[in-house]
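Engineer: In the working numbering, the protein residues as written are 63 to 314. Think of the CB as a built atom: it goes at the ideal place given N, C-alpha and C, for glycine as much as any other residue. Please read these numbers as outputs of a predicted model, since none were measured by experiment.
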Ligand code: PGA
């Protein structure tokens with residue numbers, strides 16, 4: 063069966079116990095369970111257990127924002143994929159541009175994290191995307207192609223991988239990529255995946271970067287966009303529900 067459109071909300075380093083409980087309660091009141099989209103909420107690590115309890119029987123899935131490449135050991139301050147799975151996570155974001163640029167994460171580390179996540183039953187959401195300098199120099203495709211080559215494990219398939227294309231210049235800036243640019247890169251991602259491994263057809267490719275209710279429809283309607291990764295707007299229940307609502311016309 064084809065994957066339904068995916069709407070993933072990356073809360074980043076935001077919300078506390080009380081404010082996150084209110085957000086989930088507002089999403090439930092707003093009818094999130096009735097949506098045909100696959101909704102994933104991705105809170106900070108401190109809230110995962112609590113949110114796992116709150117979303118039981120709602121149809122909402124749980125994701126984490128990062129994991130360490132090892133399963134356990136002397137890595138003070140880190141959280142492993144096994145730990146995330148044990149508290150109810152189904153997904154984990156890997157290689158978000160904030161991890162790459164602010165914390166120096168490399169493609170090799172992301173690949174190791176991917177293996178570890180899959181081993182623990184998590185589906186990685188692997189982020190790729192170019193910065194403004196790379197885009198202006200005409201290097202967006204090469205940047206994204208290299209990231210895919212170096213971050214992805216060999217046997218990627220729709221059962222163990224989601225890709226998120228997030229141009230860095232569009233994250234948190236209010237600037238969104240134009241539909242033509244999104245289509246061009248998504249098709250490049252699709253071709254790169256296929257060249258790597260023949261069985262990659264159904265791998266969802268999400269778009270991320272300043273997705274809002276006002277621009278979600280024109281992004282979600284694009285044929286090779288399998289959903290969206292939403293940052294800022296996922297913290298506002300009205301906006302997040304409005305984005306989810308835009309999937310009602312999207313075919314699987
Ligand atoms: P944004 O963040 O929607 O706030 O631009 C997207 C992301 O970083 O995943």
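Quickly, what does DSSP pair residue 72 with across the bridge? List them, please.
Structural biologist: Counting from 1 along the chain shown, the entry for residue 72 is found at position 10. Bridge partners of residue 72: 104.
Engineer: What's the gap between the Cα of residue 283 and the Cα of residue 272?
Structural biologist: Numbered from 1 along the chain shown, position 221 holds the residue referred to as residue 283. Numbered from 1 along the chain shown, position 210 holds the residue referred to as residue 272. For residue 283 and residue 272, the distance between alpha carbons rounds to 16 Å.
Engineer: Which residues does DSSP pair with residue 125 in a beta bridge?
Structural biologist: Mapped onto the chain shown, residue 125 falls at position 63. Answer is 153, bridged to residue 125.
Engineer: Could you tell me which residues DSSP puts in a beta bridge with residue 186?
Structural biologist: Here residue 186 corresponds to residue number 124 of the chain shown, with the count starting at 1. In DSSP, residue 186 forms a bridge with 154.
Engineer: Got a sec, what are the start and stop residues for the beta strand (DSSP E) residue 289 sits in?
Structural biologist: Here residue 289 corresponds to residue number 227 of the chain shown, with the count starting at 1. Per DSSP, residue 289 belongs to the beta strand (DSSP E) from 289-292.
Engineer: For the candidate residues 237, 119 and 156, whose alpha-carbon lies nearest to that of residue 210?
Structural biologist: Taking the chain shown and counting its residues from 1, the one referred to as residue 210 is at position 148. Among 237, 119 and 156, the Cα nearest to that of residue 210 belongs to 156.
Engineer: Classify residue 237 as buried or exposed, calling it buried when 16 or more other Cβ atoms lie within 10 Å of its own Cβ.
Structural biologist: As a position in the chain shown, residue 237 is number 175, starting the count at 1. Classification of residue 237: exposed, given that the 10 Å Cβ count is below 16.
Engineer: Name the two residues that bound the continuous beta strand (DSSP E) containing residue 268.
Structural biologist: On the chain shown, residue 268 is found 206 positions in, with the first residue counted as 1. That run of the beta strand (DSSP E) goes 267-270.
Engineer: Does the ligand PGA have a heavy atom nearer than 6 Å to the CB of residue 109?
Structural biologist: For the purposes of this step, residue 109 is taken as residue 47 along the chain shown, with counting starting at 1. Incorrect: residue 109 has no Cβ contact closer than 6 Å to the ligand PGA.
Engineer: Within a Cβ cutoff of 7 Å, which residues of the same chain sit near residue 63, ignoring the five residues on either side of it in sequence?
Structural biologist: For this step, residue 63 is matched to residue 1 along the chain shown. Its pLDDT being 47, under 50, residue 63 is placed unreliably in this model, and the value from its coordinates should be taken loosely. Answer for residue 63: no residue qualifies.
Engineer: Return yes when the C-beta of residue 72 is under 6 Å from any heavy atom of the ligand PGA, and no when it is not.
Structural biologist: Translated into the one-based positions of the chain shown, residue 72 becomes position 10. Yes, since a heavy atom of the ligand PGA falls inside the 6 Å radius drawn around the Cβ of residue 72.
Engineer: According to the neighbour-count rule (16 or more other Cβ atoms, all chains shown, within 10 Å of its Cβ), is residue 256 buried or exposed?
Structural biologist: Locating residue 256 in the chain shown gives position 194, counting from the first residue. Residue 256 is exposed by the Cβ-count criterion.
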